[in-house]
Every structure is written in structure tokens, then in C-alpha cells.
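To start, the structure under review is shown below, and the notes come after it.
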Amino acid sequence: MTLKINSLNITDYRFLLLLFVITISSCGPNIKKSERHLTAGIDKIFQARHQEALEELNLAIRYNPESSEAFYYRGACKRNLQDIEGAIEDYKKSIELNPAYADAYFNLGSIYDYLQDRSMACYYYIKAEALGRPNTNEYTRWCK
1 MTLKINSLNI TDYRFLLLLF VITISSCGPN IKKSERHLTA GIDKIFQARH QEALEELNLA
61 IRYNPESSEA FYYRGACKRN LQDIEGAIED YKKSIELNPA YADAYFNLGS IYDYLQDRSM
121 ACYYYIKAEA LGRPNTNEYT RWCK
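Residues in the sequence shown are numbered consecutively from 1, following the numbering used here.
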């Protein structure tokens, strides 16, 4: 005899519970997939295949939206594609996720330097230097 509850039997409820658990567990970050796409994206950046790199980095972020490194490299990729605003957003997101990411600060300084915004460039260069990024003194000497 199967127990009936609101026209569904216990077997139906078990199936729905299993389906719910599978759905919930697949919603979180997938670090391994993210890292694979991140590595592929970085490789493509170094091969100057920036559009392909962007696609890989988008996937890395989709699988792990907390990856400061994926946002950092996507920022670099967007800069190479002349998407300056997109690069700024990604570098800032990288810093939001990892406030000690000195290279992200440095690259933001570089973008603002390119945009001829000395005040913002200095802010980010000095921050990168304070976080220990090497060879920043040639960029910060005119900031003081």
C-alpha cells in the first residue's frame, strides 16, 4: 500500500526531494571548471587571441564569480580589446574581491595614466606600491 498525500505518493516526494537536492548543489561555484577556463584564458591572452580569451574568462567567472584572478585577467583582456571602461570595472571588482591585489591597483593606475587622469593614476600607483608591487617607484616619483 502506498501512502497518498495530496494526490502524490511517497515515491513522488522522494523523487522531488532528490531533484531539489541536485538542483541546489549544482548552483554553487565550480572551482575546477573555473580554473580550467581561467588557465585557458590566460594562455590565449599570451597568444594575443583576446576575443577567445574573453570567452574563456567569462566562463571562469560564471563558474566562480568570486575569483579575483579571473576578473583581473578579464580586465587585462578587455584593455587589450580597447574596452577601457570594462577593464576598469573588472579591475575594481578584482580589488573588491581581493583588496591586497597589488597588480590590479597598478593596472588601474596604468589605465588612468593612459586616460591622462594623473590624480587617479597616482592614487592607484601609490596603493600598488604600498602593497609591495615591485618597480612602481618610477611611476610614483611624479606623484609626490
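Note that CB positions come from ideal geometry on N, CA and C, so glycine has one too.
All of these numbers come straight from a predicted model, not from anything done at the bench.
query	result
Contact belief for Ala-146 with Leu-81 at Cβ below 8 angstroms, rounded distance in angstroms	Past the edges of the chain, shown from 1 to 144, lies residue 146, and the structure says nothing about it.
Inter-stretch contact (C-beta, 8 angstroms, three-pair minimum) for the stretch 94-101 and the stretch 109-123	no
Proximal residues to Met-1 (C-beta, below 8 angstroms), its chain only, five neighbours per side dropped	Only weak support is given to the placement of Met-1: the predicted model assigns it a pLDDT of 49, under 50, and the value that follows is read from those uncertain coordinates. Closer than 8 angstroms at Cβ, skipping near neighbours: no residue.
Straight-line Cα distance separating Phe-106 from Lys-127	8 angstroms
Closer than 7 angstroms: Lys-44 CB and nearest the ligand FAD heavy atom	Annotation note on the ligand FAD: not contained in the displayed structure, which lists no ligands.
Boundaries of the alpha helix (DSSP H) in which Gln-51 is found, first to last residue	50-63
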